[in-house]
Every structure is written in structure tokens, then in C-alpha cells.
Amino acid sequence: MGGLDGYRRPGVAGSGTVACGLAACASRTGTVQLLARSDASAWRAEEAAQAEAKKVEGGAADRIRVTTDPARLADCDVIVEAIVEDEDAKVELLTALGSAAPEADLATTTSSLRIGELGRRAGVGERFYGLHVFTPVSRMELIELCLPDGLRDGVRERAHAWCEAMEKTAIEVPDQVGFVVNRLLFPYLFEAVRLKEATGMSASDVDSCMQLGAGHPMGPLKLLDFVGLDVAAAIGESLERDGAGGGADHVPDLVRELVDRGKLGRKSGEGFFEY
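Just so we're aligned, residue 13 is where the sequence shown starts under the numbering used here, counting upward by one.
So this is what it looks like as C-alpha cells:
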């Protein structure tokens, strides 16, 4: 198990942008096992994670090991699940990881699901917590750390120490859908979509208003593209089911239309903007 500096043998389960970015940051602290679903995704993940590691001070591309075999994570002292925002898929993977690494602490990068419920369904509640990072992971400082009641001794200390070793600022947040950032952010983002629909303003004009008038580094529609419109819709649906935003988090029809047309934002080359 990890010591005063957190974890020394981290694992990350996933091959997308968040997983690769987290693996790059974790390479500061030890050799990282990055679990991908297929050979094709493993090849892409290895290239992406090693490229990200070069952007992290103290990161080491040669400490990132990519595998498709969960058994390779058996000796990890922490494994962070970082896959699609789907509760059933996460529970299935966390159950498998719990069996593959019975001594490891487990975490998830979920941004919109309840930690206690995920841990209960996967049967790993006493060693499971939320580690919500923000993209791009190599640059964003905040980690929303959700540490539910009932964790075994040492998990809280190890989690905080690991965040510090990755030079992140960890803030403990309640186990509520959307934690703090997304619970406040997505009603605003979706209102920007509704305003564009109602007024006919261009996406660039809506964004420029918030950048120049409110000092935001990125406009709301470009930020939705950056997050991914499919991911944004999933987060909105979770918030709406929870009743968090009083209806303000209802996913706009235009977001759903773009997703149905495969226009997911930056990752697909087109969303509210073209890339």
C-alpha cells in the first residue's frame, strides 16, 4: 500500500483523454499500468499518454506501461477507473478490478455519478472513492476528491498525499451528483445553448460575450465542444435525474441533435465549431 507520498504503483483503467492524462500525471509518482480494452485502443493510449507525460514536469513516458490484461494490475496500490460515463459499465469494470487487485484502493474519475452507489454495487465500498480530474489533466490543478463514509483506514491520507505528489489541489466535496463544479457549471453551459437557439446568435458571438464581458478564458459553447457533447449530455441527464438544477440542467434539444449527427465537438472535428 502507498506510503506518506501516496501511491507508488498506480493503475489507470481506460484509454481516453482523461485516462491518458491521468496516467501521464501519475508517472511522476511511479510506474503506471494503463489498462485498455483492445489492442487498437492500447496502441493509441500508449502514444497519447507518453506524449502527455512530456508535458508534465517530472513526468516519465518510460514509466507508463499499457496492457489489455487486468491481471497486470494485480500489484497496483491504487487503480483509477476512467471510462465512459455509464453507471453499469463502471460497475462492471470496478467489480473486475476489485477481484484482480484485492488489496488496492480503487477510485473513479466520474463527474456525475454517486460514489457511494458505485462502490456499493461493485462491492468495493470500503476502499473506493471519487477522484474527479479536469481536462486537460496535465494542466488543470483541481481534483474534486469525494471520500464517502466507511472507507478503510489510510485511504483518505493516501488519496490526499497522491494528489499532492502529482502537484494537484485536492478539495473534498460531498457525494452528490455533479459534485461542485459540474453542478454549478452545466446549467450555465446549457443556458448558453438555449440562448443561441432562441436568439439565432452565432456560437462565436455568444462565446465572445462571456470571454470579453465576464473574463472567462473559454466561451461556454467551445467548452461544451471541449468536454464532448456526448459526455455533456450524459452529465446533464444525471443532474436532471437527481433534480439538482431545478430544470436548468435539462439537456437542450440542439445538444442532442448534434450528438445524433455524430458532431461531438473537438474529438470528432465538429460540434458548435469546426476543428
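For each residue, glycine too, the CB sits at the ideal point set by N, CA and C.
Terminal residues of the beta strand (DSSP E) in which residue i lies
i, result
"P22", "22-25"
"I76", "76-79"
"Q45", "44-47"
"E93", "90-93"
"E58", "Counting along the chain, E58 falls outside any beta strand (DSSP E), though it belongs to the alpha helix (DSSP H) covering 51-65."
"E184", "181-184"
DSSP-derived helix/strand/coil call for residue i
i, result
"L276", "coil"
"V189", "coil"
"I155", "strand"
"G18", "strand"
"E69", "coil"
Classification of residue i by the beta-carbon crowding that lies within 10 angstroms, buried from 16 upward
i, result
"E93", "buried"
"G253", "In the sequence as displayed, the identity of residue 253 is Arg instead of Gly. Looking at its Cβ environment, which holds fewer than 16 other Cβ atoms inside 10 Å, R253 is exposed."
"A226", "exposed"
"R151", "exposed"
"R139", "buried"
"M222", "buried"
"D117", "buried"
"A210", "exposed"
"S50", "exposed"
"E156", "buried"
"Y141", "buried"
"A101", "exposed"
"A38", "buried"
"L241", "buried"
"E58", "buried"
"P160", "buried"
For residue i, the first and last residue of its enclosing alpha helix (DSSP H)
i, result
"Y141", "Segment 140-145 is the beta strand (DSSP E) holding Y141; no alpha helix (DSSP H) there."
"C32", "29-38"
"T120", "Where T120 is concerned, there is no enclosing alpha helix (DSSP H), although the beta strand (DSSP E) it sits in stretches over 117-120."
"A112", "99-112"
"I247", "241-254"
"A83", "Element bounds for A83: n/a, residue is neither H nor E."
"A215", "215-226"
"H172", "167-177"
"G131", "127-134"
Minimum C-alpha distance to residue i - residue among the options
i, options, result
"D265", "L207, S214, S53, I76", "L207"
"S123", "K275, V145, R75, R49", "V145"
"A60", "E69, L276, V78", "V78"
"A112", "E97, A134, S53", "A134"
"D81", "L105, K66, E115, A101", "L105"
"G28", "R21, T43, Y19, A52", "A52"
"R195", "H228, H262, H172", "H262"
"A173", "L143, T147, I95", "L143"
"A72", "D89, V44, L85", "V44"
"G18", "V267, D89, S216, R49", "D89"
"L251", "K102, D187, S280", "D187"
"T107", "T121, R126, R132, L125", "R132"
"Y287", "V218, F238, E129, L46", "F238"
"A215", "I127, P114, R126, L233", "L233"
"C158", "V136, G137, E184, V149", "E184"
"V218", "R56, L154, E176, F284", "F284"
Closer than 8 Å to chain D by CB, residue i
i, result
"Y19", "Checking the listed chains, one finds no chain D in this structure; it contains a single protein chain."
### Query
Okay, do the segment 157-170 and the segment 200-207 touch, 3+ Cβ pairs below 8 Å being the bar?
Counting Cβ pairs under 8 Å, fewer than three are found: no touch.
### Query
On the three-pair Cβ rule with 8 Å, is the segment 19-26 touching the segment 178-185?
Result no; under three Cβ-Cβ pairs closer than 8 Å.
### Message
With three or more C-beta pairs closer than 8 Å as the rule, is the segment 30-40 touching the segment 63-72?
### Response
Note that the segment 63-72 touches the segment 30-40; at least 3 beta-carbon pairs, one per stretch, sit closer than 8 Å.
### Task
Tell me, please, whether the segment 237-249 touches the segment 82-101 by the rule of three or more beta-carbon pairs shorter than 8 Å.
Because the criterion of three Cβ pairs below 8 Å is met, the segment 237-249 and the segment 82-101 touch.
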